[in-house]
Amino acid sequence: MFQYPVFENELDTPSLFHMTPPPNFFLYWNAADFERTAYPAVPSVDHRLLVPSESSALWCEHRERALEYLRKHSILPNYLPHIKADVNVSVVFNGAYLTRAKLDEETGALPPPLPPVSELTRRNFWFTAHCGNYIELCELQQPPSIFITESERDARQESYYTLLMMSPDYPYRVPSAVDRSMPDSGFFLNYMVTNIPGGKVAQQDGQMVNSKDARRSGDVVVPYCPPLPTEDAGTTRHICVLYRQTEKVAAVHTLTAEEEQAHFPLASRSQFFLLDPARSREGVDQPAALRSLREVEHLLVQQPSAATFFQTKWDIQVQEYYERVGLPEPALPIDPTIEQLLEFHARSSADLRVRARHRADGSVNVGDNPNFWAQYENTNMMGNTMGALWSRRTKQHH
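The sequence shown begins at 68 in our numbering and counts up by one.
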């Protein structure tokens with residue numbers, strides 16, 4: 068008869084050394100497991116494959132839903148007064164459905180990054196920025212892939228786009244009323260890519276036939292920086308805005324690490340404005356990347372062609388980033404109510420002494436000193452000497 072091995076503790080011998088057979092001969096199958104996937108359920112209609120068209124009911128429904136969520140999360144019209152929504156843009160990250168950072172079991176190092184997303188599948192649906200969906204921070208450490216689908220009318224002519232990924236919630240999210248009172252607060256620029264070409268894709272019944280044809284790549288102006296939410300501050304919004312260019316930007320220079328540290332540090336990245344007057348001034352010490360950034364800004368159409376967003380929250384990668392760059396990590400300010408509670412619990416036991424009003428014999432402490440034996444008036448109820456100290460309602464029952 069088979070018996071399972073007995074060890075002294077769980078660290079004695081790994082269970083992988085013993086190929087244990089099943090407890091019995093029978094094998095059970097659950098029919099519900101055949102349709103179960105390793106990723107969450109996805110809608111029956113994939114909005115990423117839709118071709119923009121006013122005659123398509125699915126596209127009109129998706130556009131209205133996306134605009135509704137932008138209004139719900141105070142992005143439209145607080146940060147973007149108007150959006151054309153005539154281009155279908157999908158910003159997809161190369162995630163693996165991890166809930167935390169996963170290290171190598173032997174070396175303890177981070178695993179190599181996954182390859183960029185080259186095709187829109189059901190598995191990477193929830194790694195696409197859409198209607199403020201939540202994505203774990205460990206899935207956002209690599210730059211995303213960009214998929215663009217134009218309408219048939221716009222696809223006939225040559226067009227270029229610029230994608231900006233930015234957050235209005237750095238270092239933490241504040242209410243809309245408070246945010247409107249701070250007009251000098253800018254955006255945290257996570258990513259900026261220009262010269263993204265448009266183009267026509269093969270379609271059938273208002274949807275793309277092959278999503279690989281919609282993948283686009285351009286010239287990186289500002290390199291990718293992962294989101295940096297503050298610990299215990301909740302989720303932060305990250306908006307992906309697509310602007311149409313009037314023409315192609317020539318000779319784009321990507322910001323290097325040295326130039327970023329010298330001319331575009333974290334303080335400048337976290338206070339980004341389109342058409343910033345500080346970048347419009349001619350300067351001899353202005354790096355080439357900032358000149359490219361200024362050229363891109365002047366070639367953008369005022370109204371964005373598309374906008375989408377996602378949300379995330381703090382993880383250990385934020386702490387590792389600030390340690391790597393040598394900067395202190397921002398902290399969430401303490402709420403006044405919580406601060407009062409902390410001050411109360413920090414008091415000594417002598418300061419928390421309670422002075423009882425009633426004594427053991429039924430008398431009442433009238434004076435400030437509870438240990439003083441004398442009273443202004445005898446208030447012993449057992450002796451029926453309360454007199455005028457009874458309330459009006461109590462007197463009616465006597």
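Backbone N, C-alpha and C define an ideal beta-carbon position, used for all residues, glycine too.
State the DSSP-derived secondary structure class of residue i, mapped to helix, strand or coil.
i, result
"Pro-264", "strand"
"Asp-221", "helix"
"Ser-252", "coil"
"His-305", "strand"
"Val-276", "coil"
"Tyr-443", "With a pLDDT of 47 at Tyr-443, under the threshold of 50, the modelled position of that residue is not reliable, and the figure given next carries that caveat. Coil at Tyr-443, not helix or strand."
"Trp-126", "helix"
"Ile-383", "helix"
"Arg-282", "strand"
"Lys-139", "helix"
"Phe-214", "strand"
"Phe-411", "helix"
"Leu-394", "coil"
"Gln-271", "strand"
"Leu-116", "helix"
"Leu-170", "coil"
"Leu-134", "helix"
With DSSP as the reference, please indicate the residues paired to residue i in a beta bridge.
i, result
"Arg-361", "Partner(s): none; Arg-361 has no beta bridge."
"Gln-378", "Tyr-201 and Arg-304"
"Thr-323", "Looking at the DSSP assignment, Thr-323 forms no beta bridge with any residue, so it has no partner."
"Arg-311", "Tyr-228"
"Ala-373", "Leu-309"
"Leu-234", "A quick correction: the sequence has Ser, not Leu, at residue 234. Bridge partners of Ser-234: Phe-255."
"Phe-192", "None; Phe-192 has no bridge partner."
"Ala-341", "The sequence given here places Leu at residue 341; Ala does not occur at that position. Partner(s): none; Leu-341 has no beta bridge."
"Leu-165", "Paired residues: none, contrary to the question."
Could you spell out where the alpha helix (DSSP H) holding residue i opens and where it closes?
i, result
"Ser-157", "Where Ser-157 is concerned, there is no enclosing alpha helix (DSSP H), although the beta strand (DSSP E) it sits in stretches over 155–159."
"Val-316", "Segment: none, Val-316 is in no alpha helix (DSSP H) and carries neither H nor E."
"Ser-335", "333–336"
Which two residues bound the contiguous beta strand (DSSP E) that contains residue i?
i, result
"Asp-246", "Note, Asp-246: premise wrong, no beta strand (DSSP E); alpha helix (DSSP H) at 243–247."
Would you say residue i touches the ligand FAD, meaning its beta carbon is less than 7 Å from a heavy atom?
i, result
"Gln-328", "Because no ligand of any kind appears in the structure shown, any question about the ligand FAD cannot be addressed here."
Is the stretch 224–242 touching the stretch 183–191, taking contact as three or more C-beta pairs under 8 Å?
no
How about the stretch 330–337 and the stretch 396–411: do they share at least three Cβ pairs that are nearer than 8 Å?
no
Report yes or no: do three or more beta-carbon pairs, one from the stretch 355–373 and one from the stretch 263–281, lie closer than 8 Å?
no
Evaluate contact between the stretch 239–246 and the stretch 220–228, counting only Cβ atoms and requiring at least three cross-stretch pairs below 8 Å.
Counting Cβ pairs under 8 Å, fewer than three are found: no touch.
Are at least three pairs of beta-carbons, each pair with one atom in the stretch 299–319 and one in the stretch 144–160, less than 8 Å apart?
Output reads yes: the stretch 144–160 touches the stretch 299–319.
Flag this pair as touching only if the stretch 116–131 and the stretch 208–222 have three or more C-beta atom pairs under 8 Å; answer yes or no.
yes
Check whether the stretch 103–110 touches the stretch 127–135, taking contact to mean three or more Cβ pairs, one atom from each stretch, closer than 8 Å.
no
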